[in-house]
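S.K.: Chains as they are written, first to last, in my numbering: chain A, 20 to 57; chain B, 31 to 257; chain C, 85 to 309. Please find one structure pasted underneath; my questions will follow.
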Amino acid sequence: MSANYIVMIVVLIIWIGIFLYLLSLDRRLKRIEKKNEA
Amino acid sequence: MPSSSVSWAAKVFAVTRKDIMAEFRTRYAINSILMFALVTLTVISVALGISTPDSDLMAALFWVILFFAAMSGLAQIFIREEESGTALILKLSTDGLVIFFGKLIFNLLLLAILSILIVPLFIILLKVNPQNWTIFLIGLVLGDIGLAGATTIIAAIVAKATVKGTLFTVLSFPILLPLLLAVIEITKVAFGGGGFGDISLSLQVLIPYDVVMITISVMLFDFVWRQ
Amino acid sequence: MWWKILIFAAMSAVIVAAFMTHSPMNPNKSLGNAEVYRIFYFHVPQAWVAALAFVISMIFSIQFLRTRNMDYDTKAVLAAKLGLVFSILATVTGSIFARMTWGEFWNWSEIREVSIFILLIIYGAYFALRSALPNAETKATLSAVLSILFAVSAVFLIFILPRLYADYSQHPSDSVVDSEGQITMGSTVAIIFFTSLAVFTALFGWIYSLSLRLARVANKNLPGN
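Quick look at the structure:
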């Protein structure tokens with residue numbers, strides 16, 4: 020069962036990394052879009 | 031214009047005739063197709079040596095030779111127009127459908143010549159003996175029609191590309207895959223001995239494939255040609 | 085903002101549940117280590133998104149040919165790009181799954197493996213053509229024509245492949261629904277699986293909209309492009 024925990028944590032870390040990357044991309048895009056409108 | 035339907039066929043054959051004449055001048059497409067087929071056939075028969083593989087493998091090998099030989103030459107028909115700069119004049123002189131069918135007939139002729147030469151050689155050199163000639167010929171004819179019908183529009187697409195090299199084969203393969211699978215099944219039956227009952231499924235794929243591919247090509251050809 | 089949090093929470097929940105609940109393996113007919121079957125929760129949704137992206141790309145290609153609006157071309161390309169990523173993911177996870185259960189990484193008598201391989205080749209050919217064409221207009225038109233041809237070919241393959249490979253396939257055809265359309269999974273497995281399917285689809289939608297906005301911004305800020 021402990022092997023399952025390790026795999027789960029690795030997968031979770033990868034997912035959090037992907038999510039944070041997408042979130043930051045979203046933020047930066049919003050900033051540029053606002054600048055373009057102005 | 032009542033005479034337009036008559037002259038339409040005449041226009042198509044005029045395009046084909048023009049291409050045959052251009053081909054006779056350089057003999058580039060026919061040479062590359064035939065030499066490619068001959069070289070592959072030699073490689074296969076030398077590699078096999080005295081061993082006689084089963085008929086299923088021979089059916090696959092037969093279509094591999096035909097497929098790659100066709101790939102080496104069928105694109106020439108449009109590449110030639112682009113390279114010699116005659117595409118524009120052709121575009122001005124007649125409409126897309128005429129060009130498409132003219133080129134399609136030319137490619138069919140090329141494949142017919144290839145088949146007529148390669149089938150006896152294949153049978154002699156690789157010592158296969160088709161058990162059922164009718165089925166073999168049906169597969170061959172429908173396969174050739176499909177090969178030409180599906181790749182003529184691909185040839186038109188590839189002619190616009192800056193790097194033509196292997197692009198034709200790469201683009202054609204996913205489109206020809208259903209045809210190859212079906213036609214190899216038919217040839218397997220023809221080589222191994224079997225009746226029409228064994229090829230009904232393949233025919234159900236092959237005949238609609240030939241019809242649909244030519245129809246779709248006709249519908250889409252103007253987009254490519256007017257580009 | 086709230087749906088981003090929802091995607092995050094749901095995907096995290098799927099990951100935790102996938103590894104903490106019982107394995108979705110059916111002991112009566114499955115082989116290998118039961119733990120391996122947890123990959124099912126990720127493999128199937130990835131394959132689903134790959135197919136979905138292909139269909140979306142197809143639809144926008146047709147839209148482009150009808151309207152000649154370059155926006156549709158951007159949409160078609162980006163869907164194809166994401167589809168390529170998800171098909172690679174599905175292929176890799178599927179291959180690992182196959183190795184651990186059937187003993188081989190790859191098996192050509194498996195219709196679904198053949199199909200995803202063809203999907204990869206189709207995407208490869210699509211991008212090979214795009215990279216070889218000189219200007220944006222030609223690129224858009226010819227690749228749209230090509231993707232319609234691919235879709236027609238795919239229809240024939242969907243018809244012929246199952247009949248050619250029917251005798252050999254080890255892929256369960258009833259792992260999600262049976263022949264009568266009834267859900268065959270246990271309720272826990274079904275909840276996790278369908279949540280995963282929904283989350284992967286939502287994630288695809290989010291990444292897709294991000295890449296579309298990125299393309300629009302890049303277009304506006306780099307006029308030479």
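Beta carbons: idealized from backbone N, C-alpha and C, even for Gly.
1. Have a look at residue 83 (chain A) and residue 170 (chain B) and give me their C-alpha separation to the nearest angstrom.
2. Do you know whose CA, among B:229, B:173, B:103, B:224, lies nearest residue 56 (chain B)'s CA?
3. Is the CB of residue 229 (chain C) under 8 Å away from at least one CB in chain B?
4. Suppose contacts are defined by Cβ-Cβ distances below 8 Å. Is residue 190 (chain C) in contact with residue 179 (chain C) by that definition?
5. Among the candidates C:241, C:225, C:201, C:218, whose CA atom is the shortest distance from the CA of residue 150 (chain C)?
6. Is residue 64 (chain B) buried or exposed, if buried means 16 or more other CB atoms sit within 10 Å of its CB?
7. Can you list, in chain order, the residues of its chain with a C-beta nearer than 6 Å to that of residue 89 (chain B)? Leave out the 5 residues immediately preceding and following it.
8. Got a sec? Which residues, its chain only, sit under 8 Å from residue 112 (chain B) by beta carbon, not counting five neighbours each side?
9. Kindly list, in the order they appear in chain A, the residues whose Cβ is closer than 7 Å to that of residue 95 (chain C).
10. Should the segment 121-131 of chain B be called in touch with the segment 34-53 of chain B, which here means at least 3 C-beta pairs below 8 Å?
11. Counting only beta-carbon atoms, is residue 311 (chain C) nearer than 8 Å to chain B?
12. Is the beta carbon of residue 156 (chain B) sitting closer than 8 Å to the one on residue 75 (chain B)?
13. Suppose contacts are defined by Cβ-Cβ distances below 8 Å. Is residue 230 (chain C) in contact with residue 201 (chain B) by that definition?
14. State yes or no: is the beta carbon of residue 212 (chain C) nearer than 8 Å to at least one beta carbon in chain B?
15. Do you know offhand how far residue 42 (chain A)'s Cα is from residue 23 (chain A)'s?
16. For residue 243 (chain B), I'd like the list of residues in its chain whose CB is within less than 7 Å of its CB, leaving aside the five on either flank, ordered along the chain.
17. Which value, in whole angstroms, describes the spacing of the CA atoms of residue 118 (chain B) and residue 108 (chain B)?
18. With 8 Å as the threshold, decide whether the Cβ of residue 52 (chain A) is near any Cβ in chain C.
19. Can you give me the C-alpha to C-alpha distance between residue 91 (chain B) and residue 185 (chain C), rounded to a whole angstrom?
20. Looking at residue 134 (chain C): is its Cβ nearer than 8 Å to the Cβ of residue 174 (chain C)?
21. Should residue 240 (chain B) be labelled buried (16 or more other beta-carbon atoms within 10 Å of its own) or exposed?
22. Closest to residue 67 (chain B) by C-alpha separation, out of B:245, B:236, B:150, would be which residue?
23. Say whether chain C places a C-beta atom closer than 8 Å to the C-beta of residue 257 (chain B).
24. Strictly under 8 Å for the Cβ-Cβ distance: is residue 237 (chain C) near chain B by that measure?
25. In angstroms, rounded to a whole number, what distance separates the CA positions of residue 309 (chain C) and residue 303 (chain C)?
26. In chain order, what residues of the same chain lie with their CB nearer than 7 Å to the CB of residue 94 (chain B), ignoring the 5 residues before and after it?
27. Of all the CB atoms in chain A, is at least one closer than 8 Å to the CB of residue 87 (chain C)?
28. CB-CB under 8 Å to residue 32 (chain B), same chain, minus the five flanking residues each way: which ones, in chain order?
29. Please confirm whether residue 160 (chain C) has its beta-carbon closer than 8 Å to some beta-carbon of chain D.
30. So, helix, strand or coil for residue 109 (chain C), using DSSP?
31. Taking just the CA atoms, how far does residue 205 (chain B) sit from residue 160 (chain B)?
32. Is residue 61 (chain B) helix, strand or coil when you go by DSSP?
33. What do you reckon, are the CB atoms on residue 241 (chain C) and residue 208 (chain B) nearer than 8 Å?
34. Is the CB of residue 222 (chain C) under 8 Å away from at least one CB in chain B?
M.R.: Short version:
1. Residue 83 (chain A) lies beyond the residue range present for chain A, which begins at 20 and ends at 57; the question has no answer from this structure.
2. B:103
3. yes
4. yes
5. C:225
6. buried
7. 214, 217, 218, 221
8. 189, 190
9. 34
10. yes
11. Residue 311 (chain C) is absent from the structure shown; chain C starts at 85 and stops at 309.
12. yes
13. yes
14. yes
15. 28 Å
16. 176, 179, 180
17. 12 Å
18. yes
19. 33 Å
20. yes
21. buried
22. B:150
23. yes
24. yes
25. Note that residue 309 (chain C) scores a pLDDT of 44, beneath 50, so its modelled location is shaky; the value from the coordinates is reported in the next line. If you take the alpha carbons of residue 309 (chain C) and residue 303 (chain C), they lie about 7 Å apart.
26. none
27. no
28. Because the pLDDT of residue 32 (chain B) is 47, which lies under 50, any placement of that residue in the model is unreliable, and the number read from its coordinates should be weighed accordingly. Cβ neighbours of residue 32 (chain B) beyond the five flanking positions: none.
29. Checking the listed chains, one finds no chain D in this structure; the protein chains it contains are A, B and C.
30. coil
31. 28 Å
32. helix
33. yes
34. yes
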